[in-house]
Amino acid sequence: MTLSIVMYTIANHDRQQHSQASRERGLRRKGARMKDLRLAGNLAMEGRSVVEVGGVRIGEVFTVIAGPCSVESEDQTIRTAVAVKEAGATMLRGGAFKPRTSPYAFQGLGLKGLKILEKARRETGLPIVTEVIDTRDVSWVGEYADILQIGARNMQNFSLLREAGKSGRPILLKRGMHATFEEWLNCAEYILAEGNPGVILCERGIRTFETYTRNTLDLSMIPAVKLNSHLPVIIDPSHGTGILEMIEPMSLAAIAAGADGLEIEVHIDPPNAMSDKAQQLTPEAFMRLMDKIRRLRAFMAELNADPEHMLAEQDKTGPTQSRSRAARA
Amino acid sequence: MNLEDLRNDIDRIDERLLSLLEERMEKALLSRTFKPDGIRDPEREESVLERARRPLRPLVSPDFSGGLWSRIMEESRSIQAQRLVTIGFQGAHGAWSEVAARAWSPTLATMPCPDFADVFQAVRDGWFDYGIVPVENTLGGLVGQVNSLLVYADLRIVAAIDLPVSHCLLTLPGTDHRDIRQVYSHEQALSQCRGFLSRNRLDPMPYFDTAGAARMIAEERPRAAAALASRFAGELYGLETIKEGVQDAEVNRTRFFVLSKRDAVPSPAFAEAVASQKGLTAPIMKCSVVFNATDKAGGLFGILEIFAKAGINLTRIESVPDKPGDYAIFIDFEGEEDDPKVATAIKASESVARGFRVLGCYGERRVSQ
Chain A
3 MTLSIVMYTI ANHDRQQHSQ ASRERGLRRK GARMKDLRLA GNLAMEGRSV VEVGGVRIGE
63 VFTVIAGPCS VESEDQTIRT AVAVKEAGAT MLRGGAFKPR TSPYAFQGLG LKGLKILEKA
123 RRETGLPIVT EVIDTRDVSW VGEYADILQI GARNMQNFSL LREAGKSGRP ILLKRGMHAT
183 FEEWLNCAEY ILAEGNPGVI LCERGIRTFE TYTRNTLDLS MIPAVKLNSH LPVIIDPSHG
243 TGILEMIEPM SLAAIAAGAD GLEIEVHIDP PNAMSDKAQQ LTPEAFMRLM DKIRRLRAFM
303 AELNADPEHM LAEQDKTGPT QSRSRAARA
Chain B
-12 MNLEDLRNDI DRIDERLLSL LEERMEKALL SRTFKPDGIR DPEREESVLE RARRPLRPLV
48 SPDFSGGLWS RIMEESRSIQ AQRLVTIGFQ GAHGAWSEVA ARAWSPTLAT MPCPDFADVF
108 QAVRDGWFDY GIVPVENTLG GLVGQVNSLL VYADLRIVAA IDLPVSHCLL TLPGTDHRDI
168 RQVYSHEQAL SQCRGFLSRN RLDPMPYFDT AGAARMIAEE RPRAAAALAS RFAGELYGLE
228 TIKEGVQDAE VNRTRFFVLS KRDAVPSPAF AEAVASQKGL TAPIMKCSVV FNATDKAGGL
288 FGILEIFAKA GINLTRIESV PDKPGDYAIF IDFEGEEDDP KVATAIKASE SVARGFRVLG
348 CYGERRVSQ
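Protein sequences, first through last, are from chains A and B.
Heads up: the first sequence at position 181 corresponds to 183 in the numbering used here, and the numbers run straight through without jumps.
Heads up: the second sequence at position 297 corresponds to 284 in the numbering used here, and the numbers run straight through without jumps.
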């Protein structure tokens, strides 16, 4: 069994946008309201926190968590796990306990689902991310999974947050669909306050008057987190849009905005999925997306490696010319 | 009362029936010793049938019980007629010793004994062909009682099995794992899983035996309870595995000795079956000896020196209290009896050590994880 060790480490490549000056600017912008973020706020530590799980260092190395919405069977889960690993995913997701809108909808396989996920880890070596919805389940889910996910609907379930904080497992904290940025960070504070330093934030879209998309994916949260907190932030474009064709553009946009990772739903046979049929990628589509992700990240690394460009962007108001763009021209 | 409760009761009764049938077959198998030629005893059979057919129970008709018992006795005779090789182990069916015995040879008839001493005694008296006992565990260390018995046992070690011990949390099927409050098992197993129990707020409940705890859960069906035992015990008693490998240390292995009478010779077919058994590593040849420490300076050193000079690798040195003020020293080393190097070292030790005895030279095999 992989024992995940969670620890704070200080990222040695302190990027420009996290300079002391910009952090203070972020804090000023929100004024006193952020003052209670003793542990989640960016003044709690120097640099960015890194959550290490089964050899994957989230916050330092770009992380792609992929897998089915629900664990439906051993065959479906293991085949999907093998496929996403081949495509380059670093972790496997899969729901065993499903918080569904309707009480009559598929509620997940429960314990059986956890056992299947454990087997998928044995077969692929991918660390497991799975949602926990009941305080009584927290310690048990921690026996099978590497990262516990607190879903959007439970973001402000404070007893669940406290229990998750006590579990000692890293927590992937999704933003509630009606939660403000500040409320979200305060929920992270609940977990941190229990002595659990392993919190990963995940933006998955919020409710707006727009109904075309399932949710409105709020990518502005990425720089907001970077300005106000040291915690890693990842993006879930699957729930964020609920529309298959939008997953790729929003994934790429998230990378451009500086996300630490993505959580993407992939199913071996999406038309026959038991939940979230419309937003699960096939392994082939996921592989194509991973290829674009790699290429964009290479470009972003080149872009961000140029400190002069960053400074220019912050100081000037007009269009800027980066060295890399100049080199291309 | 509802249908589910009734079915639960029926399941519980069935578990007991199966355990009792197993026990009855074990007794029948042992009685073959008194019937060397497989001679039937019609008088005895008649009296058993008559008792079964007594028309005292309204729902068990004489025809039904008579038919059932005829079938049971037929099965007993068939078991007696098979040339089954028996092996005794301590604990209830599903114990780790039985798991080790089945790893050594799955064709064995495994016979439960209440105590380690019973295993030794039954092998010496010829009731069982073999006995299997745990000697040492990576977490718990020496199994003191077994080693004390080995000092005086007039038995031979014929094999050693190194078995990974991975405890399973077992419950009645359909139990919600979140309702579990008490976990029953042998104290040793409970202590090996302390972290897991405390993380999940489970109360450890000491029980005489790991497999016995599993059987108790299956038979008595206590609410909110689970057992820690082998996966085999779970299968045997129809329990559901909530989680396998809940011990805190990743490496947890127990070493077992297979014992037989000194002069016993296994049938060639059985020896062949054991040698070709899959799932184990190739045997490493070892010898085990025991002697008493001489009460003078350098007494133990003298023996160790013999082995060191012969270039023999010692794999275990253990002492157990013997008579007051006296200690028995066990040494296991790599090598074969007919290796001249080993033979010379043994001969040299015999003249130096008090009560020097070779307990056996045998192949040791590891069961993979």
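Positions of the beta carbon are idealized from the N, C-alpha and C atoms, including for glycine.
Small disclaimer: the values here were computed from a predicted structure and weren't measured.
Along the segment 135 to 163 of chain A, the positions whose C-beta sits under 7 Å from a C-beta of chain B are 138, 139, 141, 142 and 145, read in chain order. A distance below 8 Å separates the beta carbons of residue 164 of chain A and residue 196 of chain A. Contacts with chain A at 8 Å (Cβ-Cβ) do not include residue 239 of chain B. Look at the segment 218 to 250 of chain B: the residues with a C-beta under 8 Å from a C-beta of chain A are 229, 230, 232, 233 and 237.
Here residue 190 of chain A has 42, 175, 201, 203 and 233 as same chain residues with Cβ atoms under 7 Å from its own Cβ, once five neighbours each way along the sequence are excluded.
Residue environment: residue 107 of chain A is assigned as exposed (fewer than 16 neighbouring CB atoms within 10 Å of its CB, all protein chains considered).
Within its own chain, the residues whose Cβ lies closer than 6 Å to the Cβ of residue 324 of chain B, once the five positions on either side in sequence are excluded, are 348, listed in chain order. The Cβ atoms of residue 17 of chain B and residue 114 of chain B sit closer than 8 Å to each other.
DSSP places residue 71 of chain A in the coil class of the three-state scheme, outside both helix and strand. Excluding its 5 nearest sequence neighbours in each direction, residue 181 of chain A has C-beta neighbours in its own chain below 6 Å: 157, listed in chain order. Non-local beta-carbon contacts of residue 102 of chain B in its own chain, meaning distances under 7 Å to residues more than five positions away in sequence, involve 77 in chain order. Distance between residue 69 of chain B and residue 305 of chain B, taken at the CA atoms: about 41 Å. C-alpha of residue 60 of chain A to C-alpha of residue 74 of chain A: approximately 27 Å in a straight line.
Membership of residue 189 of chain A in any beta strand (DSSP E) is not indicated; the residue belongs instead to the alpha helix (DSSP H) covering 183 to 195. For the segment 146 to 163 of chain B, the set of positions with a beta-carbon nearer than 8 Å to some beta-carbon of chain A is empty. Distance from residue 301 of chain B to residue 318 of chain B at the Cβ level is roughly 6 Å; contact confirmed, criterion being Cβ atoms closer than 8 Å. Residues of chain A with a Cβ closer than 8 Å to the Cβ of residue 210 of chain B do not exist, since the nearest Cβ in that chain sits about 16 Å away.
Following the DSSP letters along the chain, one finds residue 211 of chain A in no alpha helix (DSSP H), marked with neither H nor E. Listed along chain B, the residues sitting closer than 8 Å to residue 113 of chain A by beta-carbon distance are 164 and 229. Going by DSSP, residue 219 of chain B is part of the alpha helix (DSSP H) stretching over 218 to 223. In this structure, the straight-line span from the alpha carbon of residue 169 of chain A to that of residue 55 of chain A is close to 14 Å. Within 10 angstroms of the beta-carbon of residue 7 of chain B lie fewer than 16 other beta-carbons, which makes it exposed.
Annotation for residue 266 of chain A: the continuous beta strand (DSSP E) segment containing it runs 263 to 267. Between residue 285 of chain A and residue 89 of chain A a beta carbon distance of about 7 Å is seen, short of the 8 Å cut, so the two are scored as contacting.
Assigned with DSSP and collapsed to three states, residue 59 of chain A falls in strand.
When the alpha-carbon of residue 187 of chain B is set against those of B:193, B:151 and B:230, the nearest one is in B:230. For residue 111 of chain A, there is no enclosing alpha helix (DSSP H), since its DSSP letter is neither H nor E.
For the segment 144 to 231 of chain B, the continuous beta strand (DSSP E) assignments of 3+ residues that do not extend past its boundaries occur at 155 to 158, 169 to 172, 190 to 193, 212 to 216 and 227 to 231, in sequence order. From the beta-carbon of residue 143 of chain B, no residue of chain A is found nearer than 7 Å; the closest lies around 40 Å away. Sixteen is the threshold: when 16 or more other Cβ atoms of the shown chains lie within 10 Å of the Cβ of residue 142 of chain B, as they do, the residue is buried.
Three or more Cβ pairs drawn from the segment 152 to 161 of chain B and the segment 212 to 228 of chain B lie within less than 8 Å of each other, which places the two stretches in contact.
The residues 341, in chain order, have a CB closer than 6 Å to that of residue 281 of chain B in the same chain once the five nearest residues on each side in sequence are set aside.
Between residue 267 of chain A and residue 166 of chain A, the alpha-carbon positions lie close to 23 Å from each other. One finds nothing in chain A with a Cβ atom closer than 9 Å to the Cβ of residue 168 of chain B; even the nearest lies about 12 Å away. Here DSSP, grouped into helix, strand and coil, assigns residue 44 of chain B to coil. Look at the beta carbons and you see the segment 38 to 57 of chain B not touching the segment 72 to 90 of chain B: under three pairs across the two are nearer than 8 Å.
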